[in-house]
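Visitor: Chains A and B supply the protein sequences, listed in that same order.
No gaps in the numbering here: position 173 of the first sequence is 154 in my numbering, and each next residue is one more.
No gaps in the numbering here: position 39 of the second sequence is 20 in my numbering, and each next residue is one more.
All residues carry an ideal CB built from backbone N, CA and C; glycine is no exception.
In this text, all values refer to a predicted model and were calculated from it rather than measured experimentally.
Number of protein chains: 2
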Amino acid sequence: MKQHIILFDHIRRFTRLETTHEAILVEKLKYKTVDRKCQLLPQDQVCNAYYFVLEGCLRLYKNTEDGIEQILQFGIPGWWLSDFQSFETRRPSEYNIQAVQPTKVLILERADYAQLFEEVPELNHYFRLMMQKAYMASLKKVELLLCESAEKRYEQFVNAFPNFVQIIPQYMLASFLGFSPQFLSMLRAKRC
Amino acid sequence: MKQHIILFDHIRRFTRLETTHEAILVEKLKYKTVDRKCQLLPQDQVCNAYYFVLEGCLRLYKNTEDGIEQILQFGIPGWWLSDFQSFETRRPSEYNIQAVQPTKVLILERADYAQLFEEVPELNHYFRLMMQKAYMASLKKVELLLCESAEKRYEQFVNAFPNFVQIIPQYMLASFLGFSPQFLSMLRAKRC
């Protein structure tokens, strides 16, 4: 199926997968189109799936005690999103996963997870590199939060993801970068 | 060797390794004791090794444009530390890795890396889980930086790593948590 080809192309950038293993993957992954605001993981529930974004965008966020939705991660095309810790430990998640816009995803559910990794052990290599990329990107974010001004953080983000900035609601981008929507408006006005 | 047993015990918490594979690991990993302030990775050089901390502590930090050493990650016993991105891409690292105190490490060098993962593919599973843990811990840190006061961040850290707080120089802990040493002194005085 066309949607799996996007994933296979992605996997091929990091490791080789035998054709028989691709077939197993097709069998195990579910394809789904979700509407904007569709809640894939509600906070305080155990996370039971990995999501691979084909089109659209997901966000992982936390409802804070102050009643704010703090966005910690976006899932854009080619990105796996999940609360991997909740998935691993089966403890309730502290996060929500929601579609920011109509989004197409491939879903790996818990019921298929163990068998899939047993039958296609090469996926450990692929996901090792995915987790490594995500970890290093997150470390970079910590660095930006600790070392750079809000203005510099915004600049770096716009340069790294120019198309993404056009698509995403501005208040979500502000949340992700750690400042208020008002401050973001000011920065954007300054750049025009 | 005793030092490898610590690693095998650690690996066993996450996956099974055959005895023959343990032997390959012993052969490939180098054991080293490093003095305080020993620089394992200097900024702007390609990172060519993974470090597994057996005893002591390493720090990964960045020399910022303001002349500050911004600590982004500590490597405590049972933790793998590296600039995994620089290792993967062979691009110069933006970070330094240095011993905070006399430290015992096992070192996986680039020269042995590819062959080790080929001969012991189960390590992909182990490192997938290691990267996943590191990623989720880093996401938690982003959350704390964005949502919590400096005081709350300190409290959470002390509760999570009470012994570590006793050992680590205070100015380093302040850097890691994103506030000044003066502010940390004030917090500590308040808690006594």
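Along the segment 95 to 112 of chain A, what residues have a CB closer than 7 Å to any CB found in chain B?
Guide: Those residues of the segment 95 to 112 of chain A that come within reach of chain B (Cβ to Cβ, closer than 7 Å) are 102, 105, 106, 108, 109, 112.
Visitor: Reducing DSSP to helix, strand and coil, say where residue 105 of chain B ends up.
Guide: Here residue 105 of chain B sits in helix by DSSP.
Visitor: Give me the chain B residues within the contact set of residue 53 of chain A, using Cβ-Cβ distance strictly less than 8 Å, ordered along the chain.
Guide: Result: 120, 123, 124, 127.
Visitor: Would residue 164 of chain B and residue 170 of chain B be called neighbours here (beta carbons separated by less than 8 Å)?
Guide: For residue 164 of chain B and residue 170 of chain B, no; Cβs fall outside 8 Å.
Visitor: Please report how far the alpha carbon of residue 60 of chain A lies from the alpha carbon of residue 81 of chain A, in whole angstroms.
Guide: In a straight line, the C-alpha of residue 60 of chain A is about 14 Å away from that of residue 81 of chain A.
Visitor: Are the C-beta of residue 65 of chain A and some C-beta of chain B separated by less than 8 Å?
Guide: It does: the Cβ of residue 65 of chain A has a partner Cβ on chain B nearer than 8 Å.
Visitor: Would residue 117 of chain B pass as an interface residue toward chain A - the criterion being a Cβ-Cβ separation below 8 Å?
Guide: With 8 Å as the cut-off, residue 117 of chain B counts as an interface residue toward chain A.
Visitor: So for residue 140 of chain B, helix, strand or coil by DSSP?
Guide: Reduced to three states, the DSSP call for residue 140 of chain B is helix.
Visitor: Beta-carbon of residue 14 of chain B versus every beta-carbon of chain A: anything under 8 Å?
Guide: No - not a single Cβ of chain A is within 8 Å of the one on residue 14 of chain B.
Visitor: Given a limit of 7 Å on CB to CB distance, which residues of the segment 34 to 46 of chain A reach chain B?
Guide: Within the segment 34 to 46 of chain A, the qualifying residues are 43, 45.
Visitor: Anything in chain A within Cβ reach of residue 159 of chain B, meaning under 9 Å, just list it in chain order.
Guide: Within 9 Å Cβ-Cβ: 123, 126, 127.
Visitor: Does the beta-carbon of residue -17 of chain A have 16 or more other beta-carbons within 10 angstroms, so that it is buried, or is it exposed?
Guide: Classification of residue -17 of chain A: exposed, given that the 10 Å Cβ count is below 16.
Visitor: Based on DSSP bridge pairs, tell me the residues matched to residue 179 of chain B.
Guide: As shown, chain B starts at -18 and ends at 173. That puts residue 179 of chain B outside it, with no answer to give.
Visitor: Which full runs of the alpha helix (DSSP H) of 4+ residues lie inside the segment 127 to 171 of chain A, going along the chain?
Guide: Listed in chain order, they are 131 to 141, 143 to 148, 151 to 158.
Visitor: Rounding to the nearest angstrom, what Cα-Cα distance links residue 15 of chain B and residue 38 of chain B in this structure?
Guide: Near 10 Å, if we compare the C-alpha coordinates of residue 38 of chain B and residue 15 of chain B.
Visitor: Excluding the 5 residues flanking residue 134 of chain A on each side, which residues of the same chain have their C-beta closer than 6 Å to its C-beta?
Guide: So the list reads 125, 158, once near-sequence residues are dropped.
Visitor: If we count the other Cβ atoms within 10 Å of its Cβ and call it buried at 16 or more, is residue 11 of chain B buried or exposed?
Guide: Residue 11 of chain B comes out exposed.
Visitor: Quick one: Cα of residue 69 of chain B to Cα of residue 114 of chain B, how far?
Guide: Using only the alpha carbons, I get a separation of about 19 Å.
Visitor: Is residue 34 of chain B closer than 8 Å to residue 48 of chain B when the C-beta atoms are compared?
Guide: No, Cβ-Cβ distance for residue 48 of chain B and residue 34 of chain B is not below 8 Å.
Visitor: Going by alpha carbons, who is nearest to residue 83 of chain B out of B/65, B/172, B/18?
Guide: With distances taken between Cα atoms, residue 83 of chain B lies closest to B/18.
Visitor: Take the Cβ of residue 247 of chain A as the centre, count every other Cβ of all protein chains shown within 10 Å, and call the residue buried at 16 or more, exposed below.
Guide: Given that chain A is displayed from residue -18 to residue 173, the structure contains no residue 247 of chain A and the question cannot be resolved.
Visitor: What residue does the beta strand (DSSP E) around residue 55 of chain A start on, and which one ends it?
Guide: Residues 50 to 56.
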